[in-house]
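Peer 1:
Residue numbers (my numbering): 1 to 117.
Following this line, the structure appears as C-alpha coordinates:
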(Lines of atoms letter the chains of each structure in order from A and count residues from 1; the text may use other names and numbers.)
(Lines give C-alpha, C1' and ligand atoms only; values in the text may rest on other atoms or scores of the structure.)
Protein backbone atom coordinates (compact mmCIF):
# COMPACT_ATOMS: atom_id res chain seq x y z
CA UNK A 1 0.00 0.00 0.00
CA UNK A 2 1.52 3.30 -1.03
CA UNK A 3 0.38 6.41 0.80
CA UNK A 4 0.78 10.00 -0.37
CA UNK A 5 -0.12 13.09 1.57
CA UNK A 6 0.06 16.85 1.29
CA UNK A 7 2.41 19.05 3.27
CA UNK A 8 -0.55 20.34 5.29
CA UNK A 9 -1.53 16.95 6.69
CA UNK A 10 -0.24 16.15 10.12
CA UNK A 11 1.40 12.81 10.69
CA UNK A 12 -1.34 11.88 13.15
CA UNK A 13 -3.93 12.50 10.44
CA UNK A 14 -1.91 10.30 8.11
CA UNK A 15 -1.81 7.50 10.69
CA UNK A 16 -5.55 7.84 11.20
CA UNK A 17 -6.16 7.61 7.45
CA UNK A 18 -3.83 4.61 7.17
CA UNK A 19 -5.75 2.87 9.96
CA UNK A 20 -9.07 3.66 8.27
CA UNK A 21 -7.81 2.29 4.95
CA UNK A 22 -6.62 -0.96 6.54
CA UNK A 23 -9.78 -1.35 8.64
CA UNK A 24 -11.96 -1.08 5.53
CA UNK A 25 -10.48 -4.45 4.48
CA UNK A 26 -10.85 -6.11 7.89
CA UNK A 27 -11.34 -8.69 9.06
CA UNK A 28 -8.76 -10.11 6.67
CA UNK A 29 -7.54 -13.70 6.61
CA UNK A 30 -3.74 -13.76 6.69
CA UNK A 31 -3.28 -17.53 6.62
CA UNK A 32 -5.15 -20.65 7.76
CA UNK A 33 -4.50 -19.82 11.43
CA UNK A 34 -4.42 -16.03 11.53
CA UNK A 35 -6.85 -13.18 10.89
CA UNK A 36 -6.19 -9.44 11.06
CA UNK A 37 -9.22 -8.10 12.93
CA UNK A 38 -8.39 -4.39 12.84
CA UNK A 39 -5.76 -1.78 13.56
CA UNK A 40 -5.81 1.12 16.00
CA UNK A 41 -3.75 4.23 16.61
CA UNK A 42 -2.76 5.59 20.00
CA UNK A 43 -0.99 8.73 21.23
CA UNK A 44 2.77 9.06 20.85
CA UNK A 45 2.86 7.46 17.40
CA UNK A 46 1.70 3.99 18.43
CA UNK A 47 0.08 1.82 15.76
CA UNK A 48 -1.46 -1.49 16.82
CA UNK A 49 -2.34 -4.52 14.71
CA UNK A 50 -4.99 -6.74 16.34
CA UNK A 51 -4.88 -10.36 15.23
CA UNK A 52 -6.79 -13.51 16.12
CA UNK A 53 -5.40 -17.02 16.04
CA UNK A 54 -8.60 -18.47 14.58
CA UNK A 55 -7.76 -22.15 14.77
CA UNK A 56 -6.83 -22.46 18.45
CA UNK A 57 -7.84 -21.49 21.96
CA UNK A 58 -5.22 -20.05 24.32
CA UNK A 59 -4.92 -23.38 26.15
CA UNK A 60 -3.92 -25.09 22.89
CA UNK A 61 -1.13 -22.61 22.09
CA UNK A 62 2.47 -22.71 23.29
CA UNK A 63 2.55 -18.95 23.75
CA UNK A 64 6.29 -18.67 24.42
CA UNK A 65 7.13 -20.69 21.32
CA UNK A 66 4.71 -18.66 19.20
CA UNK A 67 6.20 -15.37 20.41
CA UNK A 68 9.73 -16.67 19.87
CA UNK A 69 8.90 -17.70 16.30
CA UNK A 70 6.87 -14.62 15.36
CA UNK A 71 9.17 -11.94 16.76
CA UNK A 72 12.02 -12.26 14.22
CA UNK A 73 9.59 -12.68 11.31
CA UNK A 74 7.66 -9.53 12.20
CA UNK A 75 10.83 -7.58 12.94
CA UNK A 76 12.27 -8.52 9.56
CA UNK A 77 9.05 -7.41 7.87
CA UNK A 78 9.15 -4.07 9.68
CA UNK A 79 12.80 -3.57 8.69
CA UNK A 80 12.49 -4.57 5.05
CA UNK A 81 8.95 -4.19 3.72
CA UNK A 82 8.26 -1.15 1.52
CA UNK A 83 4.79 -1.06 3.11
CA UNK A 84 6.41 -0.34 6.48
CA UNK A 85 8.56 2.56 5.24
CA UNK A 86 6.14 5.20 6.54
CA UNK A 87 6.41 3.73 10.05
CA UNK A 88 10.20 3.40 9.93
CA UNK A 89 10.81 6.92 8.66
CA UNK A 90 8.51 8.43 11.29
CA UNK A 91 9.69 6.26 14.19
CA UNK A 92 6.33 4.73 14.99
CA UNK A 93 6.03 2.17 17.78
CA UNK A 94 4.30 -0.89 16.34
CA UNK A 95 2.29 -3.24 18.52
CA UNK A 96 1.12 -6.68 17.41
CA UNK A 97 -1.63 -7.99 19.68
CA UNK A 98 -3.01 -11.53 19.50
CA UNK A 99 -6.23 -13.14 20.70
CA UNK A 100 -7.35 -16.75 20.51
CA UNK A 101 -10.33 -18.13 18.58
CA UNK A 102 -12.62 -17.25 21.50
CA UNK A 103 -11.43 -13.63 21.58
CA UNK A 104 -9.32 -14.07 24.71
CA UNK A 105 -6.14 -12.00 24.88
CA UNK A 106 -2.98 -14.09 24.41
CA UNK A 107 -0.02 -11.71 24.10
CA UNK A 108 1.35 -8.57 22.48
CA UNK A 109 4.71 -7.71 20.99
CA UNK A 110 5.97 -4.15 20.79
CA UNK A 111 8.55 -2.90 18.31
CA UNK A 112 10.08 0.51 19.03
CA UNK A 113 12.22 2.52 16.61
CA UNK A 114 15.38 1.33 18.38
CA UNK A 115 14.36 -2.25 17.56
CA UNK A 116 14.02 -1.74 13.82
CA UNK A 117 16.28 1.21 12.88
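We treat Cβ as the ideally placed atom computed from N, Cα and C, and that holds for glycine.
So what does DSSP say about residue 19, is it helix, strand or coil?
Peer 2: The residue labelled residue 19 in the question sits at position 19 within the chain shown. Residue 19: helix per DSSP, three-state reduction.
Peer 1: Does the region 77-89 come within contact of the region 107-117, defined as at least 3 CB pairs closer than 8 Å?
Peer 2: As far as the Cβ criterion goes, the region 77-89 touches the region 107-117, which means the pair count is three or higher.
Peer 1: Here's a check: name, in chain order, each residue in its chain whose Cβ is nearer than 6 Å to the Cβ of residue 29, leaving out the five neighbours to either side.
Peer 2: In the chain shown, the residue the question calls residue 29 occupies position 29. Same-chain partners within the cutoff: 35.
Peer 1: Could you work out which residue in 18, 92, 110 is closest to residue 43 when comparing CA atoms only?
Peer 2: As a working mapping, residue 43 is identified with position 43 in the chain shown. Cα-wise, what sits closest to residue 43 is 92.
Peer 1: Assuming residue 53 contacts residue 98 (C-beta within less than 8 Å), just tell me the rounded distance between them.
Peer 2: As a working mapping, residue 53 is identified with position 53 in the chain shown. As a working mapping, residue 98 is identified with position 98 in the chain shown. About 6 Å separates the two Cβ atoms, so the contact holds.
Peer 1: For residue 13, which three-state DSSP category applies?
Peer 2: Numbered from 1 along the chain shown, position 13 holds the residue referred to as residue 13. Three-state DSSP puts residue 13 in a helix.
Peer 1: Residue 39 to residue 26, Cα distance in whole Å?
Peer 2: As a working mapping, residue 39 is identified with position 39 in the chain shown. As a working mapping, residue 26 is identified with position 26 in the chain shown. Residue 39 and residue 26: Cα-Cα distance of roughly 9 Å.
Peer 1: As an exercise, report each continuous alpha helix (DSSP H) stretch of at least 4 residues that is fully enclosed by the region 32-78, in chain order.
Peer 2: DSSP runs (the alpha helix (DSSP H)) wholly in the region 32-78: none.
Peer 1: Using 8 Å as the threshold, is the C-beta distance between residue 101 and residue 56 below it?
Peer 2: Start at 1 with the first residue of the chain shown, and residue 101 comes out as number 101. Start at 1 with the first residue of the chain shown, and residue 56 comes out as number 56. Yes; because the gap between Cβ atoms is below 8 Å, this pair is in contact.
Peer 1: In terms of DSSP beta bridges, what is residue 99 paired with?
Peer 2: Here the question's residue 99 lines up with position 99 in the chain shown. Bridge partners of residue 99: 52, 105.
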